[in-house]
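Visitor: Going by this note's numbering, 94 is the number at position 94 of the sequence shown; the sequence numbering is gapless.
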Amino acid sequence: MNYIKKEVAVRNVSFGKNVTVVEPANIYGCTIGDDCFIGPFVEIQKDVTIGNNCRIQSHAFICELVTIGNDCFISHGAMFINYLFKNGKLSGGDKTMWNNTVIGNNVIIGTNATILPVKITDNVVIGAGSVVTKDINEPGIYAGNPIKKIRNI
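Structure representation (structure tokens):
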């Protein structure tokens, strides 16, 4: 065998009360709050914190250095990014080149949205397929690539 085999697993996770994880899921080194649901084929990497009463749908990818508030919904296939390749090359594992993402409370992120390292305030809806490249400091409904505010909630 000329490769290293690693198993999909749930390991070294700090779970709150009443958490449901539908396997297969690759979840490690993170913290998940009370009353959360994690769908199948989700990856949540280390140093991620997810608040209480959140729902992470299937095929979502939440990379290191992401914090998600309470009462959030992350839809199918949503992707979080922590490295922007600003110097045109791979980071080589140098985490000092990575950036944090902070998601507020009551945030809904639509199917196949891409979230770059940003801060998103409370009470925001991100439309399906949107690309979030800048901080969102005002509640509302946002959509597009790049994202723009569509209307108030």
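Built from N, CA and C at the ideal position, the CB exists for glycine as well.
By a C-beta neighbour count over all protein chains shown, 10 Å radius and 16 as the cutoff for buried, is Gly-53 buried or exposed?
Guide: Per the sequence presented here, residue 53 reads as Asn, with Gly not at that position. Buried.
Visitor: Rounded to whole angstroms, what is the Cα-Cα separation between Val-131 and Ile-74?
Guide: Val-131 and Ile-74: Cα-Cα distance of roughly 14 Å.
Visitor: Can the beta-carbon of Val-8 be found closer than 9 Å to that of Gly-29?
Guide: Cβ distance not < 9 Å, so Val-8 and Gly-29 don't count as in contact.
Visitor: Is it the case that the stretch 71-91 contacts the stretch 100-110, given that we only count it when at least three CB pairs across the two stretches are under 8 Å?
Guide: Yes, the stretch 100-110 touches the stretch 71-91.
Visitor: Count the other C-beta atoms from every protein chain shown that fall within 10 angstroms of the C-beta of Pro-24, then say buried if there are 16 or more, exposed otherwise.
Guide: Result: exposed.
Visitor: If I'm right that Asn-26 touches Gly-77 with Cβ under 8 Å, what's the distance once you round it to whole angstroms?
Guide: Rounded, the Cβ-Cβ distance is 15 Å, inconsistent with contact.
Visitor: Leaving out five residues on either side along the sequence, give the residues of the same chain with a beta carbon under 8 Å from the beta carbon of Asn-82.
Guide: If we look at Asn-82 and ignore the five residues flanking it on each side, its Cβ neighbours are Cys-63, Glu-64, Leu-65, Val-66, Trp-98, Asn-99, Asn-100, Thr-101 and Pro-117.
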